[in-house]
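Order-wise, the sequence lines are chains A and B.
If you want this note's numbering, it's the 1-based position in the first sequence plus 239.
If you want this note's numbering, it's the 1-based position in the second sequence plus 239.
Please read the structure below before turning to the comments.
2 protein chains.
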Amino acid sequence: MEVTVQVSDPEVARLCEARQILNRVGDKWSIAVIYALDGATLRFTELRREVHGISQRMLTATLRTLERDGLVRRTVHPVVPPRVDYELTDLGNTLRGTVCTLMTWAVNHADDIAKARAEYDARPAS
Amino acid sequence: MEVTVQVSDPEVARLCEARQILNRVGDKWSIAVIYALDGATLRFTELRREVHGISQRMLTATLRTLERDGLVRRTVHPVVPPRVDYELTDLGNTLRGTVCTLMTWAVNHADDIAKARAEYDARPAS
DNA sequence: CTGGATCCTATAGGATACTG
DNA sequence: CAGTATCCTATAGGATCCAG
Chain A
240 MEVTVQVSDP
250 EVARLCEARQ
260 ILNRVGDKWS
270 IAVIYALDGA
280 TLRFTELRRE
290 VHGISQRMLT
300 ATLRTLERDG
310 LVRRTVHPVV
320 PPRVDYELTD
330 LGNTLRGTVC
340 TLMTWAVNHA
350 DDIAKARAEY
360 DARPAS
Chain B
240 MEVTVQVSDP
250 EVARLCEARQ
260 ILNRVGDKWS
270 IAVIYALDGA
280 TLRFTELRRE
290 VHGISQRMLT
300 ATLRTLERDG
310 LVRRTVHPVV
320 PPRVDYELTD
330 LGNTLRGTVC
340 TLMTWAVNHA
350 DDIAKARAEY
360 DARPAS
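In structure tokens, the structure reads:
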């Protein structure tokens with residue numbers, strides 16, 4: 240979408256801009272791809288194996304966007320068959336820690352969330 | 240959607256589950272709402288003012304999901320006019336730090352990303 | 001192997017109007 | 001005030017086929 244919102248308060252504008260960025264980075268696959276590239280250089284197919292369930296189309300799209308945003312570096316080796324490597328850029332690396340923290344948080348609290356959902360769903364419809 | 244994927248490898252299964260959770264938490268508005276509730280108890284309308292651009296419908300939906308996931312506590316005061324307070328639960332608080340880090344990261348690197356995009360778009364179409 | 005191009009569907013999410 | 005209900009559109013994203 241990439242909608243630009245005009246707001247008078249510059250602080251608010253910054254937060255809105257930040258939200259847009261996070262919406263991008265936090266889309267369905269980006270986090271998983273960044274997580275997979277944590278400290279590793281991977282080829283397209285390797286990434287596809289690593290990020291289970293991603294379609295070819297979305298892996299391509301996600302990588303393109305991450306590359307455009309300067310988070311991932313794409314290196315094409317002029318060989319046959321083609322070989323393309325993906326790795327995090329310096330900017331991408333500034334996200335590594337947080338993304339890993341996020342993943343760990345999700346893994347560690349999956350049960351809590353599942354439990355909370357079960358309780359919520361079991362509550363009598365007010 | 241809430242698709243359950245069957246995978247043999249339990250480690251992979253955990254990561255897939257984590258991804259689903261992050262997809263939820265990382266949806267268009269959740270991060271912003273959690274960020275707004277960072278250390279604060281807010282009413283519906285206050286939240287709406289705080290999270291600029293969110294529609295009433297999406298604020299309600301986001302809050303419901305966060306409540307169901309056990310991240311946000313909703314307290315209804317039986318008064319007229321109605322008063323409903325929202326705050327982070329203990330579980331929600333375990334996300335505060337990371338969410339704030341994320342927001343800060345986005346604010347701090349918005350320029351880098353904008354620059355990267357401009358460069359990418361200026362590149363000759365390979 | 002690494003994609004691009006197409007097609008198609010489900011869904012997210014905005015706008016608006018109504019209610020206890 | 002704090003929602004719910006309805007309607008509608010854009011878009012995300014999967015499946016599939018093709019290509020250098």
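We treat Cβ as the ideally placed atom computed from N, Cα and C, and that holds for glycine.
Keep in mind it's a predicted model, so treat the numbers as computed, not measured.
Whole-angstrom Cβ separation of A257(A) and A349(B), contact assumed at under 8 Å?
Taking the first residue of the first sequence as position 1, residue 257(A) is located at position 18. Taking the first residue of the second sequence as position 1, residue 349(B) is located at position 110. Contact flag correct, Cβ pair sits at about 6 Å.
Let's test the definition: count the other Cβ atoms within 10 Å of the Cβ of D308(B) and tell me whether it reaches 16, buried, or not, exposed.
Locating residue 308(B) in the second sequence gives position 69, where the first residue counts as 1. D308(B) should be labelled buried.
Whose CA, out of I273(A), A361(A) and R282(A), lies closest to the CA of P320(A)?
The count along the first sequence starts at 1 and reaches residue 320(A) at position 81. The residue with the shortest Cα to Cα distance from P320(A) is R282(A).
Assumed close pair A275(A), L286(A) - CB separation to whole angstroms, cut-off 8 Å:
Taking the first sequence and counting its residues from 1, one reaches residue 275(A) at position 36. Taking the first sequence and counting its residues from 1, one reaches residue 286(A) at position 47. That pair is a contact at about 6 Å.
Listed from N- to C-terminal order along the chain, which residues in the stretch 248-273 of chain A have their beta-carbon within a distance smaller than 8 Å of any beta-carbon of chain B?
V251, R253, L254, C255, E256, A257, R258, I260, L261, N262, V264, G265, D266, K267, I270 and A271
Select from the stretch 336-350 of chain B all residues with a C-beta closer than 7 Å to any C-beta belonging to chain A, and list them in chain order.
T337, T340, L341, M342, W344, A345, V346, H348 and A349
Per-residue burial, D329(A) [other beta carbons within 10 Å of its own, 16 or more giving buried]
Indexing the first sequence from 1 puts residue 329(A) at position 90. Per the 10 Å Cβ criterion, exposed.
Mapping the DSSP letters down to three states, classify L276(B) as helix, strand or coil.
Here residue 276(B) refers to the residue found at position 37 of the second sequence. In the structure shown, L276(B) sits in coil (DSSP, three-state: anything other than H, G, I, E or B).
Can you pull the chain B neighbours of R307(A), defined as C-beta to C-beta under 8 Å?
One-based indexing of the first sequence puts residue 307(A) at position 68. Result: A355, R356, Y359 and D360.
How should A357(B) be labelled, buried or exposed, when 16 other C-beta atoms within 10 angstroms of its C-beta is the threshold for buried?
By one-based count along the second sequence, residue 357(B) stands at place 118. With fewer than 16 Cβ atoms within 10 Å of its Cβ, A357(B) is classed as exposed.
Please compile the residues from chain A whose C-beta is within a distance smaller than 8 Å of the C-beta of T333(B).
Along the second sequence, read from residue 1 onward, the residue named residue 333(B) stands at position 94. Those within 8 Å of T333(B) in chain A are W344 and H348.
Between A291(A) and L254(B), what straight-line distance do the alpha-carbon atoms span, to the nearest angstrom?
Residue mapping note: residue 291(A) aligns to position 52 of the first sequence, counting from 1. Residue mapping note: residue 254(B) aligns to position 15 of the second sequence, counting from 1. For the record, residue 291(A) in the displayed sequence is His; it is not Ala. So the alpha carbons of these two residues sit roughly 9 Å apart.
For Q295(A), count the other beta carbons within 10 Å of its own beta carbon; 16 or more makes it buried, fewer makes it exposed. Which is it?
Position 56 of the first sequence, counting from 1, holds the residue named residue 295(A). It is exposed - the Cβ of Q295(A) has fewer than 16 other Cβ atoms within 10 Å.
Cutting at 7 Å between CB atoms, please list the residues of its own chain near C339(B), excluding the five before and the five after it.
Counting from one through the second sequence, the residue named residue 339(B) turns up at place 100. Y274 and D277, listed in sequence order.
Drop a sphere of 10 angstroms on the beta-carbon of A355(B), count the other beta-carbons inside from all chains shown, and report buried for 16 or more, exposed for fewer.
Counted from its first residue, the second sequence places residue 355(B) at position 116. Its Cβ being crowded by 16 or more others within 10 Å, A355(B) is buried.
Run through the DSSP bridge pairs and tell me what L302(B) is partnered with.
Taking the first residue of the second sequence as position 1, residue 302(B) is located at position 63. None, per the DSSP bridge assignment.
In the DSSP assignment, find the beta strand (DSSP E) that holds D324(A) and state where it starts and stops.
Stepping through the first sequence from its first residue, residue 324(A) is reached at position 85. Run containing D324(A): R322 to L327, per the beta strand (DSSP E) assignment.
Could you check the C-alpha separation between R288(B) and V315(A) for me, to the nearest Å?
The residue given as residue 288(B) occupies position 49 in the second sequence. The residue given as residue 315(A) occupies position 76 in the first sequence. In a straight line, the C-alpha of R288(B) is about 47 Å away from that of V315(A).
For my contact list, G310(B) and L327(B) are in at a C-beta cut-off of 8 Å; report their separation, rounded to the angstrom.
For the purposes of this step, residue 310(B) is taken as residue 71 along the second sequence, with counting starting at 1. For the purposes of this step, residue 327(B) is taken as residue 88 along the second sequence, with counting starting at 1. Note that residue 310(B) corresponds to Leu in the displayed sequence, not to Gly. Yes, they are in contact, since the Cβ atoms of L310(B) and L327(B) sit about 7 Å apart, within 8 Å.
At a CB distance below 7 Å, what residues from the stretch 271-292 of chain B approach chain A? Give them in sequence order.
A271, H291 and G292
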